[in-house]
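See structure below.
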Amino acid sequence: MSRIILHATSLTVPIRGQWRGVLLMGPSGVGKSDLALRAMEAGFQLVGDDYSVLWASGDHIFASAPETIAGRLEVRGIGITPQPRRPLTRVSLCVHCQLSPPERLPESELTPLLGHDLPTIRLNPREASTVAKLLTRLRLLS
Numbered sequence: 001m002s003r004i005i006l007h008a009t010s011l012t013v014p015i016r017g018q019w020r021g022v023l024l025m026g027p028s029g030v031g032k033s034d035l036a037l038r039a040m041e042a043g044f045q046l047v048g049d050d051y052s053v054l055w056a057s058g059d060h061i062f063a064s065a066p067e068t069i070a071g072r073l074e075v076r077g078i079g080i081t082p083q084p085r086r087p088l089t090r091v092s093l094c095v096h097c098q099l100s101p102p103e104r105l106p107e108s109e110l111t112p113l114l115g116h117d118l119p120t121i122r123l124n125p126r127e128a129s130t131v132a133k134l135l136t137r138l139r140l141l142s
């Protein structure tokens, strides 16, 4: 089974009884870990901060944390903090984090990973509504 390590924070949340994974992708300093911290306060669970190990199995992509950083989240202004985590998740959504405002009515977008096309949205991780937007989009996938 082929595995890749991607510069992305991975989270998961139960939606209608199924765990739904999210990959937060974007350049260093854009706010992936800060968004993860806020999402965790809203019921998401950490899988991996900053880097995620990805692999394909059947029709799905899965993510876990590299063992060296498992259960740790960088919180700017505080440092590396221990966090409860889930060991893996099935990835349902890619989020491209950007500092510019997202489009009001974006076209559907897919991110190709390991031979699969994952639904994708673009969000500014620093907006107050970003966690609610993540939950809204995940519920639409169900």
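Going by full-length UniProt numbering, 25 is the number at position 25 of the sequence shown; the sequence numbering is gapless. Just so you know, even glycine gets a beta-carbon here, dropped at the ideal spot from N, CA and C.
Subject >> Segments of 3+ residues assigned as beta strand (DSSP E) that fall wholly inside the UniProt domain "HPr kinase/phosphorylase C-terminal" (21-80) >> reply: 45-48, 52-57, 60-64 and 72-75
Original post:
Secondary structure at R16, three-state DSSP: helix, strand or coil?
Top reply: If you number the sequence shown from 1, residue 16 lands on position 16. If DSSP states are grouped into helix, strand and coil, R16 belongs with coil.
Original post:
Does the stretch 91-105 touch the stretch 29-36, meaning 3 or more C-beta pairs lie closer than 8 Å?
Top reply: yes
Original post:
Is it true that the CB of P102 sits closer than 8 Å to the CB of L123?
Top reply: The residue given as residue 123 occupies position 123 in the sequence shown. The residue given as residue 102 occupies position 102 in the sequence shown. Against a cut-off of 8 Å, the Cβ pair of P102 and L123 comes out as a contact.
Original post:
Under the rule that 16 or more other beta-carbon atoms within 10 Å means buried, what is I80, buried or exposed?
Top reply: On the sequence shown, residue 80 is found 80 positions in, with the first residue counted as 1. It counts as exposed.
Subject >> Between the CA atoms of D49 and I121 - distance to the nearest angstrom >> reply: Taking the first residue of the sequence shown as position 1, residue 121 is located at position 121. Taking the first residue of the sequence shown as position 1, residue 49 is located at position 49. If I take the Cα positions, the gap works out to 19 Å.
Original post:
Given R3, which residues of its chain have a CB within under 6 Å of its CB, disregarding the five upstream and five downstream residues?
Top reply: Residue 3 sits at position 3 when you count from the first residue of the sequence shown. Closer than 6 Å at the Cβ level, and outside the excluded window around R3, lie V53 and W55.
Original post:
Who are H96's beta bridge partners in DSSP?
Top reply: Residue numbering aside, residue 96 sits at position 96 when the sequence shown is read from its first letter. Answer by DSSP bridge pairing, in chain order: M25 and R122.
Original post:
From R72 to A132, what does the alpha carbon distance come to, in whole angstroms?
Top reply: Taking the first residue of the sequence shown as position 1, residue 72 is located at position 72. Taking the first residue of the sequence shown as position 1, residue 132 is located at position 132. Cα to Cα, the separation comes out at about 24 Å.
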